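Participant: Below: one structure in structure tokens.
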Amino acid sequence: MGEGLSLETEGKTDFISREIEVFQTEAEDLARKHKMSPESKKLFNVLILGVSFMFIFTAFQTCGNIAQTVITNLNSTDFHGSGYTSMSIIYGVFSASNLFSPSVVAIVGPQLSMVVSGLFYSLYIAVFIQPSTWSFYTASVFIGIAAAVLWTAQGNCLTVNSDENSIGRNSGVFWALLQSSLFFGNLYIYFAWQGKTYITESDRRTVFIALTVISLVGTVLFFLIRKQEDTKAPGEADATNEIPGDSSSAQNKMTRAVDAFKRSVKLSFTKEILLLSVTTAYTGLELTFFSGVYGTCIGAVNRFGGDEKSLIGLSGIFIGVGEILGGGIFGLLSKNNRFGRNPVVMLGIIIHFIAFYLIFLNMPNDAPIAPMEGTDGVAYMIPSKEVAIFCSFLLGLGDSCFNTQLLSILGFLYSEDSAPAFAIFKFVQSICAAVAYFYSNYFLLQWQLLIMVIVGFFGTITFFAVEWKAAALRARGSEYSSI
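Its first residue numbered -10, the sequence shown is counted upward by one per residue in our numbering.
Here is the structure:
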């Protein structure tokens, strides 16, 4: 009986392996029939990367946006989890995992790294179908590890498929596709939850089964990313763009893993990375705010009538519209970047300061930590749905200003050390997001906004300093990688 089960399992495993091989072979055949130039192939890879992330984060960001609201409506005395605590665990583990994620990507390659990570994202979302406290927090730990590997591999893949002239455009295209995820999932939430004041078990299961399937679709799409053999310079040290299945020895892979870790540590203490870390810290704080806290605030305001739950979805949609608009515009403008990246970052901080001021006036102070019954409090004006949704748009637009320019400057400065550089970026961003999710359990809205204003101000100044130095070196004909 056991032997038969083992044979059956092996047979299924072989079948899946064969199906994956057939899938990749068909994709390669299609590529040969419609042969692309190296530049077209690179752009195709960036588009596939963006679409894959769009599917996975349609599921994950929608999940994060509604998690705390769903949890407060759980009709189960056995479940004692917190959405804020879960996200704090995710980003805490995420930050620590960035220390070794370049080594993982160096060993297994970016494609397989992203596929396996995508499966863990799907597992986390599936936990909400029938949640229990232990599985909820265990999945939070695993997705933290997976996220570090996923984003390090993404940064490497984006850099490998870009050059000095296309990194700005590709960063914008990727960011616009990624943030499209905020639109689709939240559009469903808006219509499905319209008029609801309580989220039933049936409502929850329907949403999270759909989100799990969407995440799996995005994971499968990573197999369409094509190998970039022709773009690798002879003798190039960074070999993390290899696709699984090459003939490198285990010893060579381990050597690359150790080298990647050493480069990460060395880069961490360079002046430019330390300065950019302040900017990155701000993106972690505001990521927490717009992706988890602000939606919860909207859902807690009783003065919005019976629409407060569906407004969470509408808020997510307008955050996505802002992200897509920003990513698209700044991706196109990057072709004419004679003014550099500083004006875009300046625009981003101004937009965010306007949003924070309007939120301060519009939202009750206790909205982030309100009980299941919500809050009847009033800030400095009667809560307005229109102002709340407009602020969602501003939060998304400002976030795209910062992230597109950070992706661009990192890919430009550290083209030879892309995996370690992006790992450091995500390390700082995620540890700040974890801290923000932790204090969101306790801090009133005004203190959360004040923290973001202070860190955002200094983060903008430090970004300016790095961009000015980079522009000066480029004007003298120096290589960005020498910084």
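Beta carbons: idealized from backbone N, C-alpha and C, even for Gly.
Keep in mind that this is a model prediction, so the values were computed, not measured.
If you drop the 5 nearest sequence neighbours on each side, which residues of the same chain put their C-beta closer than 6 Å to that of Val267?
Facilitator: These residues qualify, in order along the chain: Phe447, Gly448 and Thr451.
Participant: Following the continuous alpha helix (DSSP H) through Trp140, name the residue where it begins and the one where it ends.
Facilitator: Note, Trp140: alpha helix (DSSP H), Thr122 to Val149.
Participant: Can you name the start and end residues of the alpha helix (DSSP H) that Arg158 belongs to?
Facilitator: Start and end: Ile156 to Gln168.
Participant: If we call anything under 7 Å between Cβ atoms a contact, is Ala368 one with Leu350?
Facilitator: It is a contact, given that the beta carbons lie within the stated cut-off.
Participant: Short of 6 Å in beta carbon distance, which residues of its chain neighbour Gly387, apart from the five on each side in sequence? Order them along the chain.
Facilitator: Gly337, Ile340 and His341.
Participant: So does the stretch 104 to 111 actually touch the stretch 198 to 215, counting three or more Cβ pairs closer than 8 Å?
Facilitator: With the cut-off at 8 Å, the stretch 104 to 111 and the stretch 198 to 215 touch.
Participant: Helix, strand or coil, according to DSSP, for Val367 in the structure here?
Facilitator: Coil.
Participant: Closest to Gly70 by CA distance: which of Leu38, Val82, Gln119 and Val35 is it?
Facilitator: Ranking the options by Cα distance to Gly70, first place goes to Gln119.
Participant: Could you say which of Trp436, Ser253 and Ser389 lies nearest to Ser90 if we only look at CA atoms?
Facilitator: Selected option, being the one with the closest Cα: Ser253.
Participant: Going straight from the alpha carbon of Phe212 to that of Gln100, what length do you get?
Facilitator: When rounded, the distance between both Cα atoms is 7 Å.
Participant: Quick check on Tyr73: buried or exposed, where buried means 16 or more other Cβ atoms within 10 Å of its Cβ?
Facilitator: Tyr73 comes out buried.
Participant: For Ile79, which of Ala199, Phe250, Ser129 and Val334 has the nearest alpha-carbon?
Facilitator: Measuring from the Cα of Ile79, the nearest candidate turns out to be Ser129.
Participant: Report all residues from its chain with a CB closer than 7 Å to the CB of Thr364; omit the five preceding and five following residues, and keep chain order.
Facilitator: Here the set comprises Ala289, Val290, Asn291, Pro353, Asp355 and Ala356.
Participant: Quick one: give me the first and last residue of the alpha helix (DSSP H) that Gln394 is part of.
Facilitator: Its alpha helix (DSSP H) spans residues Lys374 to Leu402.
Participant: Here's the rule: buried if 16 or more other CB atoms are within 10 angstroms of the residue's CB, otherwise exposed. What is Ser397?
Facilitator: With 16 or more other Cβ atoms within 10 Å, it is buried.
Participant: Taking C-beta to C-beta, are Phe319 and Thr272 nearer than 7 Å?
Facilitator: Result no, Cβ atoms of Phe319 and Thr272 do not sit closer than 7 Å.
Participant: Buried or exposed: Asp219, going by 16 or more other Cβ atoms within 10 Å of its Cβ?
Facilitator: Because Asp219 sits at a pLDDT of 39, beneath the cut-off of 50, its placement in the model cannot be relied upon, and the point is left open.
Participant: State the CB to CB distance for the pair Leu303 and Ile378, rounded to an integer number of angstroms; the pair is presumed to be in contact (CB under 8 Å).
Facilitator: Indeed they touch by this definition, with Cβ atoms about 6 Å apart.
Participant: If Gly309 and Phe172 are in contact, beta carbons under 8 Å, what's the gap, nearest whole angstrom?
Facilitator: Rounded, the Cβ-Cβ distance is 4 Å, consistent with contact.
Participant: Can you tell me which of Ser75, Asn62, Ser160 and Phe49 puts its alpha carbon nearest to the alpha carbon of Ala423?
Facilitator: The shortest C-alpha separation from Ala423 is found at Ser75.
Participant: Using the Cβ count rule (16 or more neighbours within 10 Å means buried), how would you classify Glu190?
Facilitator: The residue is exposed, with fewer than 16 neighbouring Cβ atoms inside 10 Å.
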